[in-house]
Amino acid sequence: MRILVNGDQHDVKLRTLALALEELGYRDKKIATAVNGRFVAAAQRPDTPLSDGDRVEVVAPMQGG
Amino acid sequence: MSFYGVELSSRLLLGTARYPSPKILAEAIKTSGAEVVTVSLRREAGAERGGQSFWSFIRGLGVRVLPNTAGCHTVNEAVTTAHMARELFDTPWIKLEVIRDDETLQPDVFGLVEAARVLADDGFEVFPYTTEDLAVADRLIEAGCRVLMPWGAPIGSARGLNNLYGLRALRAHFPEVPLVVDAGLGVPSHASAAMELGYDAVLLNTAVAEAGDPVAMAKAFALAIEAGRLAFAARPLEPRDMAVPSTPVLGQAALGD
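Protein chains in written order, with numbering that gives the first Met the number 0: chain X, 0 to 64; chain A, 0 to 256.
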């Protein structure tokens, strides 16, 4: 399955957001997520299915003004 | 001074971006006495650790964080970003930015009001980055905002208070609402001027971070903010058109011919 993660194409085997994030190396990281522009809370990631072409955003804390 | 029931003793809110190093940022925060710092979100790849180390660094400073929605141009982007920030930073506070114009980073006040309403209804405590427009301010309060953050001038421009009259009118119209001048300041006298108008606090980033010596500039701003606040509380003299002698004329010796 091919999805967009932060604008880059990735092939992932696993079909939930939680499993895909683990596959992509985000395990135990302080991140927040959105799928197709909608926020997905950490607790909902295991129950969030992914489909071909989904746009996943993964963000972390950064400096800001 | 309090924001959403949180008592603060420092009236300086400091941004965390654009410092020469994390060490200088930490020293600037400490020297300024700021108790609230602004933070943001960015995309992070699985192999990167940048966001993780920044988070540990900020937690180590023991300050309260005010996440922003910088870079958002639509209501949906801002609302989604606010939700991600609330989860990531574990705070209901959000500095809400909905930007319309990339040259001036001027707020899209229509989108701002709409996003503020959505977020306030969802339990967020919204700090809207707005203009000094009175009608917009009224709409933001109606939407549930209990703090307003009008710009001094465009973000990062160092121009100071572009519209003194407008900022004074805003203060006069909303005497009970905490007001923070956010953005556009360049030197401590700009911050002092905002405080002399009766503003409750000032939010700064670039003026400190990009100064030749950010730590010294952080201190200078802190002192100016304190001086401006003291001056406001001491009820300054109103400007007059004509001179008024400060030395008493009564009893002056008659020495003319």
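Yeah, the Cβ is synthetic: ideal placement off N, Cα and C, and Gly gets one too.
A quick note: this is a predicted structure, and the numbers were derived from the prediction, not measured.
Residue-level contact to chain X via CB, residue i, 9 angstroms cutoff
{"i": "Ser-1/A", "result": "no"}
{"i": "Ile-154/A", "result": "yes"}
{"i": "Val-201/A", "result": "no"}
{"i": "Ala-221/A", "result": "no"}
{"i": "Ser-20/A", "result": "no"}
{"i": "Ala-232/A", "result": "no"}
{"i": "Thr-246/A", "result": "no"}
{"i": "Glu-76/A", "result": "yes"}
{"i": "Arg-170/A", "result": "no"}
{"i": "Glu-47/A", "result": "yes"}
{"i": "Pro-66/A", "result": "yes"}
8 angstroms Cβ cut-off: residues of chain X touching residue i
{"i": "Phe-88/A", "result": "Pro-60"}
{"i": "Thr-37/A", "result": "Gly-63, Gly-64"}
{"i": "Thr-103/A", "result": "Chain X residues near Thr-103/A: none, gap ~15 angstroms exceeds 8 angstroms."}
{"i": "Ile-57/A", "result": "Pro-60"}
{"i": "Thr-205/A", "result": "Gly-64"}
Chain-ordered neighbours of residue i on chain X, where CB pairs are closer than 7 angstroms
{"i": "Gly-110/A", "result": "Ordered by position in chain X, no residue passes the 7 angstroms Cβ test against Gly-110/A, which lies about 15 angstroms from the chain."}
{"i": "Asn-162/A", "result": "In chain order: nothing, as chain X lies at least about 21 angstroms away."}
{"i": "Leu-166/A", "result": "Under the 7 angstroms cutoff, chain X gives no residues; its nearest Cβ is about 20 angstroms from Leu-166/A."}
{"i": "Gly-14/A", "result": "Gly-63, Gly-64"}
{"i": "Ala-190/A", "result": "Correct list: empty, because the minimum Cβ distance to chain X is about 15 angstroms."}
Beta bridge counterpart(s) of residue i as assigned by DSSP
{"i": "Trp-92/A", "result": "Glu-124/A"}
{"i": "Leu-65/A", "result": "Thr-37/A"}
{"i": "Leu-203/A", "result": "Leu-13/A"}
{"i": "Ser-20/A", "result": "For Ser-20/A, which the question treats as bridged, DSSP gives no partner whatsoever."}
{"i": "Gln-105/A", "result": "Asp-100/A"}
{"i": "Val-57/X", "result": "Thr-32/X"}
{"i": "Phe-2/A", "result": "Val-5/A"}
{"i": "Pro-149/A", "result": "Thr-129/A"}
{"i": "Ile-2/X", "result": "His-9/X"}
{"i": "Gln-62/X", "result": "Val-38/A"}
Listed by chain order, chain A residues near residue i by CB distance under 7 angstroms
{"i": "Ala-33/X", "result": "Thr-79, Met-83"}
{"i": "Arg-37/X", "result": "Thr-79"}
Residue i at chain A interface by Cβ criterion, 9 angstroms
{"i": "Gly-24/X", "result": "yes"}
{"i": "Ala-40/X", "result": "yes"}
{"i": "Leu-20/X", "result": "yes"}
{"i": "Gly-52/X", "result": "no"}
Chain-ordered chain C contacts of residue i [CB-CB under 7 angstroms]
{"i": "Ile-30/X", "result": "No chain C appears in this structure, whose protein chains are X and A."}
Cross-chain neighbours of residue i in chain X, by beta carbon under 9 angstroms
{"i": "Gly-50/A", "result": "Lys-28, Lys-29, Ile-30, Val-58, Ala-59, Pro-60, Met-61"}
{"i": "Phe-53/A", "result": "Ala-59, Pro-60, Met-61, Gln-62"}
{"i": "Leu-40/A", "result": "Ala-31, Val-58, Ala-59, Pro-60, Met-61, Gly-63"}
(message) Between the stretch 26-43 of chain X and the stretch 141-156 of chain A, can you find at least three pairs of beta-carbon atoms closer than 8 angstroms?
(response) no
(message) If contact is defined by three or more beta carbon pairs under 8 angstroms, each pair taking one atom from either stretch, is the stretch 48-55 of chain A in contact with the stretch 65-82 of chain A?
(response) no
(request) Enumerate, from N- to C-terminal direction, the unbroken beta strand (DSSP E) stretches of 3 or more residues contained entirely within the stretch 165-230 of chain A. (result) 179-181, 200-203
(request) Count the CB pairs spanning the stretch 92-99 of chain A and the stretch 114-121 of chain A that are closer than 8 angstroms, and state whether there are at least three. (result) yes
(request) Please confirm if the stretch 102-112 of chain A is in contact with the stretch 149-160 of chain A, defined as three or more CB-CB distances below 8 angstroms between the two stretches. (result) yes
(message) For the structure I just gave you, are there three or more beta carbon pairs, one from the stretch 214-232 of chain A and one from the stretch 27-39 of chain A, closer than 8 angstroms?
(response) yes
(request) Kindly provide the ranges of any beta strand (DSSP E) runs that are 3 or more residues long and lie completely inside the stretch 4-29 of chain X, ordered along the chain. (result) 7-10
(message) Any contact between the stretch 121-130 of chain A and the stretch 45-61 of chain X? By contact I mean 3 or more CB pairs, one from each, below 8 angstroms.
(response) no
(message) Pairs of beta-carbons, one from the stretch 37-50 of chain A and one from the stretch 19-32 of chain X, closer than 8 angstroms: are there three or more?
(response) yes
(request) Would you check if there are 3 or more beta carbon pairs closer than 8 angstroms linking the stretch 25-36 of chain X to the stretch 13-28 of chain A? (result) no
(request) Evaluate the contact criterion for the stretch 170-188 of chain A versus the stretch 43-54 of chain X: three or more CB pairs, one atom per stretch, below 8 angstroms. (result) no
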